[in-house]
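Participant: Below you will find the structure I want to go over with you.
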Amino acid sequence: MNINKICVVLIVVVAFIGIIGSNSDNNAVYGATTWIKYNQSNVGLSNLVATITVTIKNRGSHVEYFKISNVYQGSLADDSTIKWVVYDTNPSAVKMVDAVSPELGGDWGWKIQPGQTKTVSFTVYALGSMGVYPNGASDQAVIVNENASDSIYWPIIPDPGIDASWFQPNEIEILNPNLDLKSWKGTFTFKLTNRADNRVSGIIRAPVVPTDSKLIYSNPKATFKDKDIVMNGAIAAWDVTLGADCTKWFTYTYYWPCSSSSSSTGKYTSASVPTASAASDNASASTKNTGIPYFPFVIGGILAAGGLAYARLR
């Protein structure tokens, strides 16, 4: 067997080992974090409130309108959406012609003239399981990872904690290219409740996070920023311990865009812990937490290159 054939055999062997090592159950490359499905969470999230400030420019040739969305497609345990009610606006919003969610009080927004740059802020609070006034402990929500694997491993498995959901702040530019989002700042507050009759510990992640954004404030101080869940994401995560029936409040603020020229103010109070990013697709608020196994594509490229090299060297 000559050297060329030996090289091709080695390429095939390496590719075979890599394919065996991939974790198909979690739709991710082996070596990345594997989320394990659970039957019940001891803690629940509720009282979710968001205050958003945006600066938008109308680069079109005619007047445009933009409005507040009342529905967020997250990753709740019951596979439902987060519905929001507008609490306050500045400057005062006007009621829109069209209503996507009339049951939530109709749609409210602002007019922006051609060439104008407008800054607005608004506060929304969640209804339902993530709501400010849940009917009971059973109504509290949990953010889940849709790619979680069945707990078939033995004898020990990791506990990844509660997952996060994410969105792209500049999706308005996709919906209307005339509207150019210049900046986005959002402060979120939520309550964590231990529903168990004993002390529990684990990792809690921010329930709603913008991509390509900088975490500029968190209270309590975030334990680390999780960069493995979504590309261009720095998800605030806390290591918590809660006594029986205890509650704890969390507040965090993100600024978009995440760049050196950002005009963000405030001081990020959490330590930055470097992590190895897992292969993950950049999803928006309207999609579930999905990942793409890039490794098979790499292997395919290696095989193709090896085949061409072998064909040329024969």
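In my numbering, the protein residues as written are 8 to 321.
We treat Cβ as the ideally placed atom computed from N, Cα and C, and that holds for glycine.
1) When we look at the beta-carbon of Thr272 and count the other beta-carbons within 10 Å, is it buried (16 or more) or exposed?
2) Secondary structure at Ile179, three-state DSSP: helix, strand or coil?
3) Using the beta-carbon count (16 or more within 10 Å), is Pro184 buried or exposed?
4) For Asn65, I'd like the list of residues in its chain whose CB is within less than 7 Å of its CB, leaving aside the five on either flank, ordered along the chain.
5) State the Cα-Cα distance for the pair Val50 and Leu111, rounded to the nearest angstrom.
6) What's the gap between the Cα of Thr261 and the Cα of Lys192?
7) Roughly how many angstroms lie between the CA atoms of Ala229 and Trp161, to the nearest whole one?
8) For Ser48, which option in Ile223, Tyr79, Asp170, Lys90 has the closest C-alpha, if you only look at C-alpha atoms?
9) Going by the beta-carbon positions, is the gap between Ser210 and Asp246 smaller than 7 Å?
10) Taking the alpha-carbon of Ala358 as reference, which of Met238, Phe195, Val56 has the nearest alpha-carbon?
11) Does Thr248 pass the burial test, meaning 16 or more other C-beta atoms within 10 Å, or should it be called exposed?
12) Closest to Leu182 by C-alpha separation, out of Ala213, Ser76, Met137, would be which residue?
13) Between the Cα of Asn54 and the Cα atoms of Thr40, Ser225, Gln147, Lys74, which residue gives the shortest distance?
14) Measure the C-alpha to C-alpha separation of Val151 and Ser68 and round it to an integer number of angstroms.
Facilitator: In this structure, then:
1) Your numbering for residue 272 matches position 265 in the sequence shown. Note that Thr272 scores 30 on pLDDT, short of 50, meaning its location in the model is unreliable; the coordinates nonetheless yield the value given after this. The residue in question, Thr272, is exposed, as its Cβ has fewer than 16 Cβ neighbours within 10 Å.
2) Sequence index remark: in the sequence shown, residue 179 carries index 172 (1-based). Helix, per DSSP.
3) For the purposes of this step, residue 184 is taken as residue 177 along the sequence shown, with counting starting at 1. Exposed, by the Cβ-count rule.
4) Within the sequence shown, residue 65 is the residue found at index 58, counting from 1. If we look at Asn65 and ignore the five residues flanking it on each side, its Cβ neighbours are Glu71, Ile119, Gln120, Pro121, Gly122, Gln123, Asn185, Leu186.
5) In the sequence shown, residue 50 corresponds to position 43, counting from 1. In the sequence shown, residue 111 corresponds to position 104, counting from 1. Computed Cα separation, rounded: 28 Å.
6) Against the sequence shown, residue 261 aligns to sequence position 254. Against the sequence shown, residue 192 aligns to sequence position 185. The question names Thr, but residue 261 is Tyr in the sequence shown. Going from the Cα of Tyr261 to the Cα of Lys192 covers about 6 Å.
7) Numbered from 1 along the sequence shown, position 222 holds the residue referred to as residue 229. Numbered from 1 along the sequence shown, position 154 holds the residue referred to as residue 161. Going by the C-alpha atoms only, they are around 31 Å apart.
8) On the sequence shown, position 41 is the one that residue 48 refers to. Out of Ile223, Tyr79, Asp170, Lys90, Asp170 has the C-alpha closest to the C-alpha of Ser48.
9) The residue given as residue 210 occupies position 203 in the sequence shown. The residue given as residue 246 occupies position 239 in the sequence shown. Sequence inspection shows Ile at residue 210; the Ser mentioned does not correspond to that position. Yes, the Cβ-Cβ distance between Ile210 and Asp246 is below 7 Å.
10) In the structure as shown, the chain starts at 8 and stops at 321, and residue 358 therefore has no counterpart that could be examined.
11) As a first step, residue 248 is located in the sequence shown; it is residue number 241 there, counting from the start. Classification of Thr248: exposed, given that the 10 Å Cβ count is below 16.
12) Within the sequence shown, residue 182 is the residue found at index 175, counting from 1. Taking only the C-alpha atoms, the option nearest Leu182 is Ser76.
13) Here residue 54 is taken as the residue at index 47 of the sequence shown, counted from 1. Checked all of Thr40, Ser225, Gln147, Lys74; the closest Cα to Asn54 is Gln147.
14) On the sequence shown, residue 151 is found 144 positions in, with the first residue counted as 1. On the sequence shown, residue 68 is found 61 positions in, with the first residue counted as 1. Taking the straight line joining both Cα atoms gives about 43 Å.
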